[in-house]
Amino acid sequence: MARRVLLDFEKPLVELEEQIEQIRQLARDSEVDVSQQLLQLETLATRRREEIFNSLSPAQKIQVARHPQRPSTLDYIQVITDEWIELHGDRRGNDDRALVGGVGRIGDQAVVLLGHQKGRDMKENVARNFGMASPGGYRKAMRLMDHADRFRLPILSFIDTPGAYAGVKAEEEGQGEAIAVNLREMFRLRVPIIAVVIGEGGSGGALGIGVADRLLMFEHSVYTVASPEACASILWRDAAKAPAAAEALRITAADLLQLGLVDALLKEPSGGNHWAPMQAAETLRAALLGQLAELQTCSESALLEARYAKFRRMGQVLEGAATDPAFAP
Amino acid sequence: MSLFDWFADRRKNAPAVRASKGPEADEGDGLWSKCAECGLVVYRKDLIANASVCKGCGHHHRIDSSERIRLIADEGSFEPIDADLAPTDPLAFKDRRSYADRLRDTQRATGLRDAVVTGLCRLEGMPLALGVMDFRFMGGSMGSVVGEKLTRLVELATARRYPLLIVCASGGARMQEGMLSLMQMAKVSGALQRHRSAELLYLPLLTHPTTGGVTASFAMLGDLILAEPKAMIAFAGRRVIEQTLGEKLPDGFQTAEYLQDHGFVDTIVSRPELRGTLATLLRLHGSVRTPLSVAP
Ligand SMILES: [Zn+2]
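Protein chains in written order, with the numbering used here: chain A, 1 to 329; chain B, 1 to 296.
Below is the structure:
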């Protein structure tokens, strides 16, 4: 396995790991019993990791969410499904590799699965456009979701994108229109929809496959209205203020749970999902099966009504505001 | 982000925000107005009489929501709804200034509570649900109030079986309300889905500029999509595309004409012809739809 990419705040752990490695080496080279010391150091390392990951700042969570070895949509799909066939194309001349999808089975349940797909390395990232979907990607997603509606297959949607692709071609092909149509049509689908932010939820590009009956978020994933970098450039006029923007925008799973925009937070292994991908996948699978079972007790009309009501409640306004002198006729 | 462009623009032309004085003008003492495009100087009242369109070059000056309503609705027919809805500061957001301060100042300067005015009116006697975004209010950005007022408007239109017109002018989502802003895109789109399945007519009018989250939601969901000449209509900002991606922009990129050429705008309507065009479209589609017949 490739060497793990270390984030700057993980550096204190490196020293401990090196010590552990040295003692193991010692044990191999001699007859000395080091099990006691090893256990102590390993316990200490685990505790440190937990401490660090329990108090990540929003800016640090972004680093975890963007970690190149964080499990991706296809990683999860391969682990959580018992059968799976990837399907390609928007039937309009494109197959966007930044947004993947297909049909599969999870437990006893046949489903449609789709999600943004980032690359593992530079070469794959170029092919996947860093998980930034084009209009064709959103139209492929819509085609698959319509298919799901026709055959009454629940939809599992995985969100992991810095944002929808913003290039000349994307504008020409109607990026705004492609996302807008998905937002509208997802309210029409008669099947349960569960969306999970597995990494980065970047603005409209995330929401374009994110209108769901249940929105789940992994503990260290983030969901933003605008990237903290862009927000800092605009509002602070200084891109270096991105950490402050990340703080102010309330982008973490815990914040969004509190704001009532997210339904459940999925616990990550200590050290983040890339530290124990199989454990992360098991958490995801269990959560999806649980939510599916709940949603499948709803009638189609109740499901549609509840989905509408869920989004209808979002937002915070002041009703019947006292007349301010500024508004006097 | 397209808001980049708006902020950059605003800095360049500061002070660009003038409170309730009709069309923008970069010179003049209120009596006269000079066109920023061609330099033609005209009496301000003549400019307003021509729907704030320059007689010299056809430039469509930016107009505020009350001017827009005056141009669309039969005189005295506009009845505002939810005029009392006001923004809160759900995240206690503070950048270089606090959101609460920005809101208060903008409300004072514009006399508006937030960036959209909604209501019911008549157009040549035909009923119409009308929403008008006002770019003066924080760049027409969409936060909770814009989303909520538009959603209620669409729901009212659906209940009364009225056609719907939303005049768009927006820099996108309002960052100061974080994810609550983003979710307004879904909320309004959900209401439009119901209006649409009731087989009612929805016409967005895209005016300069319509960008970001508004473009990626209700601006692009019209049965028919209208736009004003030369209006900038975009998902992503030009600067992002040019600088971040280093792509060269084609001529006329992201203008109404460019979108029409690429199939995303049905028709470009100059402002003096707007009322007539809208009336024709309402008549052609039946101004009040009878209830759907129940399938046997
Ligand atoms: Zn002119």
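Backbone N, C-alpha and C fix where the C-beta goes; we use that ideal spot for every residue, glycine too.
In this text, all values refer to a predicted model and were calculated from it rather than measured experimentally.
Residue i, DSSP secondary structure in three states
{"i": "E51 of chain A", "result": "helix"}
{"i": "M133 of chain B", "result": "strand"}
{"i": "W275 of chain A", "result": "coil"}
{"i": "E18 of chain A", "result": "helix"}
{"i": "C231 of chain A", "result": "helix"}
{"i": "L56 of chain A", "result": "coil"}
{"i": "G204 of chain A", "result": "helix"}
{"i": "P68 of chain A", "result": "coil"}
{"i": "H116 of chain A", "result": "strand"}
{"i": "V103 of chain A", "result": "strand"}
{"i": "A240 of chain A", "result": "helix"}
{"i": "P135 of chain A", "result": "helix"}
{"i": "R174 of chain B", "result": "coil"}
{"i": "D149 of chain A", "result": "helix"}
{"i": "L265 of chain A", "result": "strand"}
{"i": "R97 of chain A", "result": "coil"}
{"i": "S270 of chain B", "result": "coil"}
{"i": "H195 of chain B", "result": "helix"}
{"i": "G30 of chain B", "result": "coil"}
{"i": "P192 of chain A", "result": "coil"}
{"i": "A236 of chain B", "result": "coil"}
{"i": "R214 of chain A", "result": "strand"}
{"i": "T297 of chain A", "result": "coil"}
{"i": "H285 of chain B", "result": "helix"}
{"i": "G276 of chain B", "result": "helix"}
{"i": "Y308 of chain A", "result": "helix"}
{"i": "V79 of chain A", "result": "helix"}
Candidates the options, of which the one nearest residue i by Cα
{"i": "R184 of chain A", "options": "B:E177, B:H195, B:M179", "result": "B:H195"}
{"i": "T207 of chain B", "options": "B:K34, B:L71, B:P127, B:I63", "result": "B:I63"}
{"i": "G139 of chain B", "options": "B:E257, B:T211, B:P272, B:L40", "result": "B:T211"}
{"i": "S65 of chain B", "options": "B:K45, B:R44, B:G131", "result": "B:G131"}
{"i": "G204 of chain A", "options": "B:P204, B:S217, B:E124, B:R96", "result": "B:S217"}
{"i": "L71 of chain B", "options": "B:S52, B:D89, B:A83, B:P80", "result": "B:S52"}
{"i": "Q60 of chain A", "options": "A:E31, A:A276, A:V100, A:L6", "result": "A:L6"}
{"i": "L368 of chain A", "options": "A:P162, A:V262, A:E42, A:Q291", "result": "Chain A is shown only over 1 to 329; residue 368 of chain A falls outside these bounds and no answer can be derived."}
{"i": "E247 of chain A", "options": "B:V42, B:Y99, B:F93, B:I48", "result": "B:F93"}
{"i": "I193 of chain A", "options": "A:G208, A:A178, A:A212, A:Q175", "result": "A:A212"}
{"i": "K55 of chain B", "options": "B:L249, B:L40, B:R68", "result": "B:L40"}
{"i": "G115 of chain A", "options": "A:R237, A:T283, A:R91, A:S134", "result": "A:S134"}
{"i": "L85 of chain B", "options": "B:L226, B:V146, B:A109, B:L203", "result": "B:V146"}
{"i": "G119 of chain B", "options": "B:K149, B:V240, B:Y43", "result": "B:K149"}
{"i": "E155 of chain B", "options": "B:M183, B:T280, B:G276, B:L192", "result": "B:L192"}
{"i": "P269 of chain A", "options": "A:T252, A:H220, A:D33, A:L295", "result": "A:H220"}
{"i": "A245 of chain A", "options": "B:E177, B:A36, B:Q243", "result": "B:E177"}
{"i": "S197 of chain B", "options": "B:T277, B:K45, B:A157", "result": "B:A157"}
Beta-carbon proximity of residue i to residue j, cut-off 8 Å
{"i": "V168 of chain A", "j": "E247 of chain B", "result": "yes"}
{"i": "L289 of chain A", "j": "I106 of chain A", "result": "yes"}
{"i": "G101 of chain A", "j": "I159 of chain A", "result": "no"}
{"i": "L128 of chain B", "j": "L165 of chain B", "result": "yes"}
{"i": "L113 of chain A", "j": "L156 of chain A", "result": "yes"}
{"i": "L265 of chain A", "j": "M217 of chain A", "result": "yes"}
Buried or exposed by the 16-neighbour rule on C-beta atoms within 10 Å, applied to residue i
{"i": "V181 of chain A", "result": "buried"}
{"i": "F151 of chain A", "result": "exposed"}
{"i": "R307 of chain A", "result": "buried"}
{"i": "P23 of chain B", "result": "With a pLDDT of 48 at P23 of chain B, under the threshold of 50, the predicted position of this residue should be treated as unreliable, and no value is reported."}
{"i": "A65 of chain A", "result": "buried"}
{"i": "V126 of chain A", "result": "exposed"}
{"i": "I85 of chain A", "result": "exposed"}
{"i": "A287 of chain A", "result": "buried"}
{"i": "N273 of chain A", "result": "buried"}
{"i": "A159 of chain B", "result": "exposed"}
{"i": "R4 of chain A", "result": "exposed"}
{"i": "E27 of chain B", "result": "For E27 of chain B, the predicted model reports a pLDDT of 47, less than 50, meaning its position is unreliable; a value from the coordinates is still stated below. When all chains shown are included, E27 of chain B counts as exposed."}
{"i": "L249 of chain B", "result": "exposed"}
{"i": "L321 of chain B", "result": "With chain B covering only 1 through 296, there is no way to say anything about residue 321 of chain B."}
Integer Cβ distance of residue i from residue j, believed to fall under 8 Å
{"i": "G315 of chain A", "j": "S144 of chain B", "result": "3 Å"}
{"i": "K123 of chain A", "j": "D96 of chain A", "result": "The Cβ separation is near 17 Å, so there is no contact."}
{"i": "L249 of chain A", "j": "M185 of chain B", "result": "At roughly 16 Å, the Cβ-Cβ gap does not stay under 8 Å, so L249 of chain A and M185 of chain B are not in contact."}
{"i": "M142 of chain A", "j": "Y165 of chain A", "result": "16 Å between Cβ atoms; not a contact."}
{"i": "V222 of chain A", "j": "I62 of chain A", "result": "5 Å"}
{"i": "L235 of chain A", "j": "V191 of chain A", "result": "Actually they do not touch by this definition, with Cβ atoms about 40 Å apart."}
{"i": "D263 of chain A", "j": "R214 of chain A", "result": "5 Å"}
{"i": "L292 of chain A", "j": "V196 of chain A", "result": "In fact, because the Cβ distance is near 12 Å, the residues do not count as touching under 8 Å."}
Near ligand 3: residue i beta-carbon under 7 Å from a heavy atom
{"i": "L40 of chain B", "result": "Although ligand 3 was asked about, the structure shown includes only ligand 1 as ligands."}
For the region 228–245 of chain B, enumerate the residues whose C-beta is nearer than 7 Å to any C-beta of chain E, in chain order. The structure shown has no chain E; the protein chains it does contain are A and B.
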